[in-house]
Amino acid sequence: MLAEDGVLLREGLAGLLGRFDFEVLAAVGDGTALRRAVAEHRPELVITDIRMPPGLRDEGLRAAVELRRADPDLAVVALSQYVERSYAAELLDSGGGRRVGYLLKDRVVDVEEFVTVLRQVVAGGTVVDPQVVRQLLNRQRDPLTKLSVREREVLALVAEGRSNTSIAAHLVVTEAAVTKHVGNILAKLDLPPHEDSNRRVLAVLAYLRSS
Amino acid sequence: MLGVTPRNALESVASPRFLLSWWPWRSVGYLLSSLPVLAVLAMPLAWLTLPWLVAGGLLITRPTSAIVGILVLVLLGAVLVGAGAPLVAIPLAVAERWRLGLVDTRPLWEDHRLPPGPGLWNWLRTRYSETATWREVGYVFLFVVWQGLYLTLCGVGLVLVFLVASPAILMTGDGPVAMGPWTITQPEQAWWLPLVGLLLAPVLLYLVGIAVGAHAAAARALLGGNRARTELVEVARSRARLVDAFEAERRRIERDLHDGAQERLVSLTLRLGLAKLDLPEDSPARQNVADAHDQAKQVMAELRELVRGLNPRVLADRGLGAALAELGDRSAIPAQVRTDLPEWLPPHVESTAYFVAAEALTNVAKHSGATAVTVSAWTGAGLLVIEVGDNGRGGADPANGSGLTGLADRAATLDGRMLLSSPVGGPTLLRVELPCGDNRSE
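Residue numbers (the numbering used here), protein chains in the order written: chain A, 77 to 287; chain B, -14 to 427.
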């Protein structure tokens, strides 16, 4: 299911999805049509622009949050023109924070990464745009200052939904080192340790968001 | 005023060359030309003040008559004068401004405002509500009172003319000439009369010069406008209009770019990304497309920055509070943002406040060496206040050509002001206050 008010981009996205064996049940251009199409087609995944007609503010987000309240298992990836923490927070708060993604619109042009995100979300993951995470980390918060530079890097990657293996590969270190860092971070931030990477992400995001 | 060319009658009187200059004759001309003006003015003034005249007459002739009737007449007169005086005063003022050129060479502008639209009603409403009109009404009274003095001076003038001409009158006329206690019958006896007349003439000219000079000064004060002040208000208004137009234009460009170019560019880049995938791994075509894809992404980022600089979308969509929070998040130096703002603020105030904060944060990052910065924004007493404080080395000086002058200018276009405290060694606090009432102050 695709909701995007720009015709060109909507077609481009539809082409992309088709190319990667997603079946596009409907491609719509505003929040009302999105709600109607979801009710009709019962899709597995909704990709929606946050800013859509008629209000051109956050119609897409409103629709997404509403849809997920009705059906917490509906996977939603929301695309945003700019980073807005409150958007990310509202989405994560809906439906238990699983099967949800919040990305900057520009990310769609990195086709393969974008598709990976879609698959992660459908599989039950939580994905938040790296820039959102960076901004959350950027805020001055006492416990965060206790973290070393390396630990902050690891924390950012954890919050993006990466597994220890992926983080190790990204930072070019051993997985054991990453596990140790993650343990230290969770301890310093008083977060309960989790093996499940998704719950770990949620814990970290919840921590970062609470102010 | 010695040695300086006089610009008006009063200055000329103070000049030692007064009697040798044109000024006495200009003053006399001014005095004499006021007589026909008085004649024209007399009729409408008599009608307007008729109830007062009648009341005055009653008081004098029959002091015992009904006090209520007199009071009614006085009130009626006040109403008539209040309603009708401006209609007399405005044309009189036009004539008098023109006549004033005779004894005052400095230019004089009228102080009337332009009516907001065509039509008699607009004109009347503007005229009756502006101080310029009532100053002109005041001038009418001054003019009438001054005429008494002028008539006296005219009388003295006539006496002098008579004195000078008395020998001739004695020669041609028959009968004696009576001069108060003296009676002169023979021209031989009157040889000194023209002498007295000629000696007194300069004194009279000085008196005329002083009377006319005082009149002209008062006329100038009552009929003239403060050109500088009037123009300043107009300039401030047009500046505000320019700023508004400029902001509207920015928003329009931003919207066009956002809905047009940006959208197409994302779509184009997406398609390039897709095309790349369909080409064989190590073909030259794939390399080319990959390069094009990267360049398109770069252009996307640049265009996004440009559009953000014009008018950030978050500001338009979610208001100043959210935009400042986003600004703080993007700041290179960890920023704490605290806002307490109403739902709605005038758009030009919001965008100015936003750009002030953005510029201030950039300045902090560039010059201060700070490790933490706070941004606060709140409203109170019709002002929007933005404070940006940092713990850097201080010593910021607007004179050093930093962005600070730009900030002050920006605040000034909205009648706001910028305050800066930045001792050497820090900390630095920048405060910008912008009026944010519904109606812009003039």
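Virtual Cβ for every residue (Gly too), placed ideally from N, Cα, C.
Neighbourhood of residue i by C-beta distance below 8 angstroms, restricted to the same chain and skipping five residues each side
i	result
Leu189 (chain B)	Leu138, Val141, Gly142 and Leu145
Ala90 (chain A)	Leu78, Val100 and Ala103
Leu77 (chain B)	Val22, Leu26, Glu121, Tyr124, Val125 and Phe128
Val193 (chain A)	Val153, Gly177, Leu179, Arg183 and Val203
Asp149 (chain A)	Gly171 and Arg175
Extent of the continuous alpha helix (DSSP H) run through residue i
i	result
Asp96 (chain B)	Segment: none, Asp96 (chain B) is in no alpha helix (DSSP H) and carries neither H nor E.
Arg145 (chain A)	Glu135 to Ala146
Gly182 (chain B)	Trp177 to Leu208
Met28 (chain B)	Trp8 to Leu33
Glu121 (chain B)	Thr116 to Thr157
Asp442 (chain B)	There is no way to answer for residue 442 (chain B), as the model of chain B reaches only from -14 to 427.
Val187 (chain A)	Val187 to Val198
Met285 (chain B)	Pro269 to Leu295
Tyr163 (chain A)	Arg161 to Asp169
Val288 (chain A)	With chain A covering only 77 through 287, there is no way to say anything about residue 288 (chain A).
Cβ neighbours of residue i in the same chain (closer than 7 angstroms, five flanking residues each side left out)
i	result
Leu419 (chain B)	Val334, Thr337, Ala338, Leu368, Leu369, Ala396, Leu399 and Gly401
Trp8 (chain B)	Pro(-9), Ala(-6), Ser(-3) and Gly194
Met(-14) (chain B)	At Met(-14) (chain B) the pLDDT is 42, less than 50, meaning the model places this residue with poor confidence and gives no usable figure here.
Leu23 (chain B)	Gln132
Glu227 (chain A)	His257, Asn260 and Ile261
Arg95 (chain A)	none
Val230 (chain A)	Ile243, Val254, His257, Val258 and Ile261
Leu14 (chain B)	A small fix is needed here, since residue 14 (chain B) is Gly in this sequence, not Leu. Counting only Cβ-Cβ distances below 7 angstroms, and skipping sequence neighbours, we find Leu87.
Between the CA atoms of residue j and residue i - distance to the nearest angstrom
i	j	result
Leu312 (chain B)	Ala393 (chain B)	20 angstroms
Asp423 (chain B)	Arg298 (chain B)	Low local confidence applies: a pLDDT of 49 at Asp423 (chain B) is under 50, so the model's placement there is unreliable, with the coordinate-based value given in what follows. Whole-angstrom Cα-Cα distance: 23 angstroms.
Gly102 (chain B)	Arg112 (chain B)	13 angstroms
Gly82 (chain A)	Ser406 (chain B)	48 angstroms
Pro327 (chain B)	His243 (chain B)	27 angstroms
Asp267 (chain B)	Gly258 (chain B)	16 angstroms
Ala196 (chain B)	Ala206 (chain B)	16 angstroms
Ser287 (chain A)	Leu213 (chain A)	Only weak support exists for where Ser287 (chain A) lies, its pLDDT of 48 falling under 50; the value from the coordinates is given anyway. Straight-line Cα distance between these residues: approximately 12 angstroms.
Glu427 (chain B)	Ile126 (chain A)	In this predicted model, Glu427 (chain B) has a pLDDT of only 35, less than 50, meaning its place in the structure is not dependable; the value taken from the coordinates is given anyway. Going from the Cα of Glu427 (chain B) to the Cα of Ile126 (chain A) covers about 41 angstroms.
Arg425 (chain B)	Thr364 (chain B)	Residue confidence for Arg425 (chain B) is low, a pLDDT of 39 falling below 50, so the modelled location carries little weight; the figure read from the coordinates is stated next. Going from the Cα of Arg425 (chain B) to the Cα of Thr364 (chain B) covers about 16 angstroms.
Leu262 (chain A)	Gly237 (chain A)	15 angstroms
Leu38 (chain B)	Leu134 (chain B)	21 angstroms
Arg224 (chain B)	Glu232 (chain B)	12 angstroms
Gly245 (chain B)	Val292 (chain B)	12 angstroms
Thr254 (chain B)	Lys282 (chain B)	7 angstroms
Ala253 (chain A)	Arg133 (chain A)	44 angstroms
Ala310 (chain B)	Leu264 (chain B)	43 angstroms
Leu35 (chain B)	Leu155 (chain B)	45 angstroms
Arg315 (chain B)	Arg323 (chain B)	15 angstroms
Ser252 (chain B)	Pro268 (chain A)	42 angstroms
Val198 (chain A)	Gly172 (chain A)	14 angstroms
Arg236 (chain B)	Arg161 (chain A)	24 angstroms
Ala40 (chain B)	Leu65 (chain B)	14 angstroms
Close beta carbons around residue i, own chain, < 6 angstroms, minus the five adjacent residues each side
i	result
Thr390 (chain B)	Pro383
Arg11 (chain B)	Leu87 and Val88
Ala221 (chain B)	none
Glu219 (chain B)	none
Val409 (chain B)	Gly379 and Gly380
His200 (chain B)	Trp131
Residue(s) in a DSSP beta bridge with residue i
i	result
Asn348 (chain B)	DSSP lists no partner for Asn348 (chain B).
Met403 (chain B)	B:Val417
Asp153 (chain A)	Just to set this straight, residue 153 (chain A) is Val in the shown sequence, not Asp. Answer is A:Ile123 and A:Gly177, bridged to Val153 (chain A).
Val104 (chain A)	A:Ala79
Val208 (chain A)	Paired residues: none, contrary to the question.
Asp89 (chain B)	B:Asn(-7)
Trp398 (chain B)	According to the sequence as given, residue 398 (chain B) is Thr; it is not Trp. According to DSSP, Thr398 (chain B) bridges with nothing at all.
N-terminal and C-terminal residue of the beta strand (DSSP E) that residue i is part of
i	result
Gly365 (chain B)	Val358 to Gly365
Tyr178 (chain A)	Val176 to Leu180
Asp375 (chain B)	Leu368 to Asp375
Ala320 (chain B)	Ala320 to Asp325
Could you please tell me which residues of the stretch 148 to 163 of chain A, in chain order, have their CB closer than 8 angstroms to any CB of chain B? Under the 8 angstroms Cβ criterion, the stretch 148 to 163 of chain A contributes Gln157, Tyr158, Val159, Glu160, Arg161 and Ser162.
Contact list for the stretch 165 to 198 of chain A against chain B, Cβ threshold 9 angstroms: Lys181, Asp182, Val184, Val185, Asp186, Val187, Glu188 and Phe190
Near-chain B residues of the stretch 79 to 96 of chain A (beta-carbon distance less than 8 angstroms), N- to C-terminal order: Within the stretch 79 to 96 of chain A, the residues whose Cβ lies closer than 8 angstroms to some Cβ of chain B are Gly82, Leu84, Leu85, Glu87, Gly88, Leu89, Gly91, Leu92 and Arg95, listed in chain order.
Using a Cβ-Cβ cutoff of 9 angstroms, what residues of the stretch 130 to 150 of chain A are near chain B? List them in chain order. Listed in sequence order: Leu132, Arg133 and Asp134.
Going along the stretch 114 to 130 of chain A in order, which residues come within less than 8 angstroms of chain B, judged by CB to CB distance? Arg127
Short of 9 angstroms Cβ to Cβ, which residues in the stretch 327 to 351 of chain B face chain A? So the list is empty, because no residue satisfies the distance condition.
Residues of the stretch 41 to 71 of chain B with a CB closer than 9 angstroms to any CB of chain E: list them in chain order, please. The displayed structure is made up of protein chains A and B, and chain E is not among them.
Taking any Cβ of chain A, which residues in the stretch 233 to 266 of chain B have a Cβ under 7 angstroms from it, in chain order? Glu248, Arg249, Val251, Ser252, Thr254, Leu255, Arg256, Gly258, Leu259 and Leu262
Just by C-beta distance, which residues in the stretch 266 to 292 of chain B are closer than 8 angstroms to chain A? His278, Ala281, Lys282, Met285, Ala286 and Arg289
Beta carbons nearer than 8 angstroms to chain A: which residues of the stretch 294 to 310 of chain B have them? Pro297, Arg298, Val299, Asp302, Arg303, Ala307 and Ala310
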